[in-house]
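Protein chains: 2
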Amino acid sequence: MPTTITDVVARDIRFPTSSARDGSDAMNPDPDYSAAYVVLRTDHPAGLEGHGLTFTIGRGNEVCVAAIRALAPLVRGRTLESLTGDMGAFWRMVAGDSQFRWIGPEKGVVHLATAAIVNAVWDLYAKAEGKPLWKLLVDLPVEVLVDAIDFRYITDALTPEEALDMLRRRVATRADREAEIRRDGFPAYTTSAGWLGYPDNKVRHRCREAVADGWTYVKMKVGVDAAADERRAALIREEIGPDRVLMMDANQCWDVGTAIDRVRALARFRPRWIEEPTSPDDILGHAAIARAVVPVAVATGEHVHNRVMFKQLCQANAIGVCQPDVARLGGVNEMLAVLLLAAKFGIPVCPHAGGVGLCEYEQHMSIFDYIAVSASLEGRVLEYVAHLHEHFLDPVVVRRGRYAAPQRAGFSITMRPESCAAYEFPDGDFWRAQRAGAAFTG
Amino acid sequence: MPTTITDVVARDIRFPTSSARDGSDAMNPDPDYSAAYVVLRTDHPAGLEGHGLTFTIGRGNEVCVAAIRALAPLVRGRTLESLTGDMGAFWRMVAGDSQFRWIGPEKGVVHLATAAIVNAVWDLYAKAEGKPLWKLLVDLPVEVLVDAIDFRYITDALTPEEALDMLRRRVATRADREAEIRRDGFPAYTTSAGWLGYPDNKVRHRCREAVADGWTYVKMKVGVDAAADERRAALIREEIGPDRVLMMDANQCWDVGTAIDRVRALARFRPRWIEEPTSPDDILGHAAIARAVVPVAVATGEHVHNRVMFKQLCQANAIGVCQPDVARLGGVNEMLAVLLLAAKFGIPVCPHAGGVGLCEYEQHMSIFDYIAVSASLEGRVLEYVAHLHEHFLDPVVVRRGRYAAPQRAGFSITMRPESCAAYEFPDGDFWRAQRAGAAFTG
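Which chain is which? The protein sequence lines are A and B, in order. Going by the numbering used here, the first sequence opens with residue 1, and the numbers climb by one from there. Going by the numbering used here, the second sequence opens with residue 1, and the numbers climb by one from there.
(1) Classify A/E238: buried if its beta carbon has 16 or more other beta carbons within 10 angstroms, exposed otherwise.
(2) Assign A/A179 to one of two classes, buried (16 or more other C-beta atoms within 10 Å of its C-beta) or exposed (fewer than that).
(3) Looking at the ligand FAD, does it come within less than 7 Å of B/D123, judged from the CB to the closest heavy atom?
(4) Is it right to say B/T6 is buried, meaning 16 or more other beta carbons lie within 10 angstroms of its own, or is it exposed?
(5) Which value, in whole angstroms, describes the spacing of the CA atoms of B/P160 and A/L266?
(6) Starting from B/H51, trace the beta strand (DSSP E) both ways and give me its first and last residue.
(7) With a CB to CB cut of under 7 Å and the five nearest residues on each side skipped, what residues in its chain are close to B/L388?
(8) Considering only residues of the same chain and omitting the five flanking positions on each side of A/G88, which have a CB-CB separation below 8 Å?
(9) I need the DSSP call for B/C359, collapsed to helix, strand or coil.
(10) Suppose contacts are defined by Cβ-Cβ distances below 8 Å. Is B/V203 in contact with B/G214 by that definition?
(11) Going by DSSP in three states, A/I240 sits in which element: helix, strand or coil?
(12) Should B/H286 be flagged as near chain A, meaning a C-beta pair shorter than 8 Å?
(13) When DSSP builds the beta bridges, which residues end up paired with B/K219?
(14) What distance in whole Å lies between the Cβ atoms of B/H303 and A/P105, which are believed to be in contact at a cut-off of 8 Å?
(15) Nearest by alpha-carbon distance to A/A115: which of A/G379, A/P417, A/Y423, A/Y361 is it?
(16) Using CA atoms only, rank isn't needed, just tell me which of B/G223, B/V8, B/H205 is closest to B/A72.
(17) Could you pull the DSSP bridge partners for A/G194 from this structure?
(18) Which residues does DSSP list as the beta-bridge partners of A/E424?
(19) Report the residues of the segment 311 to 322 of chain B with a CB closer than 7 Å to any CB of chain A, ordered along the chain.
(20) Compute the Euclidean distance between the alpha carbons of B/T216 and B/G401, then round it to the nearest angstrom.
(21) Can you tell me where the beta strand (DSSP E) with B/W273 in it begins and where it stops?
(22) Considering only C-alpha positions, which residue in the set A/V385, A/A67, A/L340 is nearest to A/I371?
(23) Under the three-state reduction of DSSP, which class applies to A/V396: helix, strand or coil?
(24) Could you pull the DSSP bridge partners for A/G410 from this structure?
(25) What are the partner residues of A/C207, as DSSP defines its beta bridges?
(26) Less than 8 Å between the C-beta atoms of A/P351 and A/E383, yes or no?
(27) What's the gap between the Cα of A/M220 and the Cα of A/A26?
(28) Report the rounded CA-to-CA distance for A/W449 versus A/A128, giving the unit in angstroms.
(29) Residues in the segment 251 to 284 of chain B with C-beta within 8 Å of chain A's C-beta atoms, listed in sequence order?
(30) Would you say the segment 252 to 268 of chain B touches the segment 276 to 287 of chain B, given that touching needs at least three Cβ pairs under 8 Å?
(31) At which residue ranges does the segment 283 to 312 of chain B contain complete alpha helix (DSSP H) runs of 4 or more residues, listed in the order of the chain?
(32) If you compare alpha carbons, which of B/R41, B/D12, B/G50 is closest to B/G410?
(33) With B/I13 and B/A35 assumed to form a contact (beta carbons below 8 Å), what rounded beta-carbon distance in angstroms separates them?
(34) So, with DSSP's three-state summary, where would you put A/L382?
(35) At a Cβ threshold of 8 Å, is A/V308 touching chain B?
(36) Anything in the segment 98 to 116 of chain A with a Cβ closer than 9 Å to a Cβ of chain B? List those residues in chain order, please.
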């Protein structure tokens, strides 16, 4: 029996992370980690639902919710099988609707909403197949994976035939890598030691905790004040020692010339990479910075909005680390394109996961990338942030700096119903209590 | 007495242009030209209001309206003087709000909404000063114009000091150019002869009309079918003769390799430019096409979302014609940045005006550009589309292929109240009649 999507429910869920400066950086002093959350209701006898979200940092989340509601008629009433039978056609139907396309195209709010809906369909698909999403992807025929990709605008860098060849070359050895990941997990780094709004003593304390917990990769935020950056970099380097890996993240706060000067000044702390040194749109600027700050690698991607931009970042030798976000790109389909582009250009993929639900999402992408696309762990580490996992039914499991491979069916993105109810904006219990000046007792 | 913005009203206005295929092209077969329209109500004794809009093609217009409503608190309750006293700070406040910025940044729906609000403030400012917008800009001190620009991310191509120098060099001769434009108007081209959805005989008829009306520049749509493009190009070239200028517009429908092949095949019809040959995000792709199709110029801009992208199109020698849209960029402030970037790189600006209200807007930009920035008409022609002007209180006046300089105070974007009422979606009289299957008698 086919499964019909009977309704599409969009919800505005916001968490008050700004109160403790969790998530604060040079561009975002007071984020409230939020999700424009979508539930695909179905007539499946087991009551299966597809869940997806796109991530925002507070104000404007309602605009993404409005966009999800606008796109909803494209999937409401469709059967799951009619979508999964040709995932490429499904993606083009959502991302390519000509009238909606005008308000992107393939960028900004409408693309964020596309991600939420597309990922909800993949979640439903994986649940229906009884597999975690990464395993569903690994088990799909490589021809089906390639058909899921929209190659429009990227054929000058990657053709379907090349993509097929690349995937086929990995098939014989996939089982070994799958067994390895099930046994050892996937390597991770922590961003939770060095948020910009934390005072020095909190950063020092967090670094000691991170080292004790077995982390070997630590990321710090930089960018507002040069002297403070150097002071904090020295402090963190002192705490983590010379052998652990330090990364730096400027969150787009510099112009090209300033970025070059500031990264050169910070190079003595031996950062592995400088992340988002300038505008995410500035391909040529990233290339200029990358040439000027060797051996520090340039990383970007959390705000890079589609495969056309990633194609150019690869073509221009602008990045040494590729950081796509499956909730910023148009969902899993476009992520597949970016994983293959990065692999073709030999650039390691370290997805962006600094937001609510993003660790849950991106672990599937990194594990699939290793098993089926890149076949390498060299330079691959997946971001981890410590907060808000308690709101998910299948939260990430991280031990000694590694993600355990998800076991449950789906995309791990289903939130606890009580969390949705409490943090729905503006009328959930938490936000009502907040407005009333009362304590929220959960 | 200061003028306070007492309310911000956002409306969803849609016109049923798809019924006659007006506006149809290779990517947009059935656009309903629409406006996410904003009215800034004030306590000004003369009842002054600021009007602005962003343009969409139908579905999704409600998402832009939601974004305008989300941004509205940033200006509601402010005095006009507190905004115009530092237009740069005003722009950064709207475009740079850190939480809203996440859902762009500076692109897509939130940037379209920014354009509507920013332009409404400029409209109010011009009305308060009793000048058409182009004249207000011409009369502002050059220091004030430069202060209105956000130079973030473009200082590697253009500094505030350079911008100031460029504007100062034009001051002595501005009065001559202003007199010339008041006398002769600004040169235009027509897009209304060659919409893709028109049958050949309608195209032929429209071309004859255009020639009879004095048009010397005609643009046609291409892209879906190679044979049809060549047949229509031959037909149009036959109608307009060898000396009039023909432009071609592919509306993003090709990949890079296809674009090169198709433009080379169309070169025998001697198009002045090929517009939007591929993705608007593909800077390197445009550069590759530009190198391959000389002497046809590559043009793009209507979907180029911000100054960072235009900077790179200039730096990469990717365009020979720059087509910014003041409703796609973040309004007048960002348009100033793009006019100056293009002037520095010696690239003529021919703004995009193919949409409801865009001719009304862009005439002010082109006239200002000529008088105060470029000081040249060489290669400058402003797009004209023939439909929907009747809905504006101060519609464009075009005679013998030239725009007359607007005389009335403001940005010419105020719609007739009866048009707003009739075409408000979904409950205006037109749309009610449409749903009821009845004729709208207006």
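Beta carbons: idealized from backbone N, C-alpha and C, even for Gly.
On the basis of the data shown:
(1) By one-based count along the first sequence, residue 238 of chain A stands at place 238. Per the 10 Å Cβ criterion, exposed.
(2) Residue mapping note: residue 179 of chain A aligns to position 179 of the first sequence, counting from 1. For A/A179, the number of other beta carbons within 10 angstroms of its own is below 16, and it is reported as exposed.
(3) In the structure shown, the ligand FAD is absent, as is every other ligand, since no ligand is present at all.
(4) Stepping through the second sequence from its first residue, residue 6 of chain B is reached at position 6. It counts as exposed.
(5) Numbered from its first residue, the second sequence carries residue 160 of chain B at position 160. Numbered from its first residue, the first sequence carries residue 266 of chain A at position 266. Spanning the two alpha carbons is a distance of roughly 28 Å.
(6) Indexing the second sequence from 1 puts residue 51 of chain B at position 51. Taken as a continuous stretch (DSSP letters only), the beta strand (DSSP E) holding B/H51 covers 50 to 56.
(7) For the purposes of this step, residue 388 of chain B is identified with residue 388 of the second sequence, where counting begins at 1. Around B/L388: F15, Y33, V356.
(8) Taking the first sequence and counting its residues from 1, one reaches residue 88 of chain A at position 88. D147, A148, I149, D150, N333.
(9) Here residue 359 of chain B is taken as the residue at index 359 of the second sequence, counted from 1. It is helical.
(10) Indexing the second sequence from 1 puts residue 203 of chain B at position 203. Indexing the second sequence from 1 puts residue 214 of chain B at position 214. In this structure, B/G214 does not lie closer than 8 Å to B/V203 by Cβ.
(11) Numbered from its first residue, the first sequence carries residue 240 of chain A at position 240. Judged by DSSP in its simplified three-state form, A/I240 adopts helix.
(12) The count along the second sequence starts at 1 and reaches residue 286 of chain B at position 286. Not one chain A Cβ lies under 8 Å of B/H286.
(13) Taking the first residue of the second sequence as 1, we reach residue 219 of chain B at position 219. Partner(s): B/M247.
(14) Position 105 of the first sequence, counting from 1, holds the residue named residue 105 of chain A. Position 303 of the second sequence, counting from 1, holds the residue named residue 303 of chain B. At roughly 6 Å, the Cβ-Cβ gap stays under 8 Å, so A/P105 and B/H303 are in contact.
(15) Counted from its first residue, the first sequence places residue 115 of chain A at position 115. Residue A/Y361 is the option with its Cα nearest to A/A115.
(16) To locate residue 72 of chain B, count along the second sequence from 1; it is residue 72. Per the Cα distances, B/V8.
(17) For the purposes of this step, residue 194 of chain A is taken as residue 194 along the first sequence, with counting starting at 1. According to DSSP, A/G194 bridges with A/M220.
(18) Translated into positions along the first sequence, residue 424 of chain A becomes position 424. Note: A/E424 sits in a beta bridge opposite A/I13.
(19) Q312, Q315, A316
(20) Here residue 216 of chain B corresponds to residue number 216 of the second sequence, with the count starting at 1. Here residue 401 of chain B corresponds to residue number 401 of the second sequence, with the count starting at 1. When rounded, the distance between both Cα atoms is 7 Å.
(21) On the second sequence, position 273 is the one that residue 273 of chain B refers to. 271 to 275 is the extent of the beta strand (DSSP E) around B/W273.
(22) Walking along the first sequence from the start, residue 371 of chain A turns up at place 371. Nearest option by C-alpha distance: A/L340.
(23) Residue numbering aside, residue 396 of chain A sits at position 396 when the first sequence is read from its first letter. DSSP, read as helix, strand or coil, puts A/V396 in coil.
(24) Residue mapping note: residue 410 of chain A aligns to position 410 of the first sequence, counting from 1. Answer by DSSP bridge pairing, in chain order: A/P132.
(25) Residue mapping note: residue 207 of chain A aligns to position 207 of the first sequence, counting from 1. BP columns for A/C207 are empty, so no partner.
(26) Position 351 of the first sequence, counting from 1, holds the residue named residue 351 of chain A. Position 383 of the first sequence, counting from 1, holds the residue named residue 383 of chain A. A contact, by the Cβ cut-off of 8 Å.
(27) Counting from one through the first sequence, the residue named residue 220 of chain A turns up at place 220. Counting from one through the first sequence, the residue named residue 26 of chain A turns up at place 26. Approximately 11 Å, taken between the alpha carbons.
(28) Coverage of chain A is limited to positions 1 through 442, which leaves residue 449 of chain A absent and any answer about it impossible.
(29) Q252, D255, V256, G257, T278, S279, P280, D281, D282, I283, L284
(30) yes
(31) 283 to 292
(32) On the second sequence, residue 410 of chain B is found 410 positions in, with the first residue counted as 1. Minimum Cα distance to B/G410 is reached at B/G50.
(33) Counting from 1 along the second sequence, the entry for residue 13 of chain B is found at position 13. Counting from 1 along the second sequence, the entry for residue 35 of chain B is found at position 35. Confirmed, about 5 Å.
(34) In the first sequence, counting from the first residue as 1, residue 382 of chain A sits at position 382. A/L382 falls in the strand class under three-state DSSP.
(35) By one-based count along the first sequence, residue 308 of chain A stands at place 308. So yes, A/V308 belongs to the interface.
(36) S98, Q99, F100, R101, W102, I103, G104, P105, E106, K107, G108, V109, V110, H111, L112, A113
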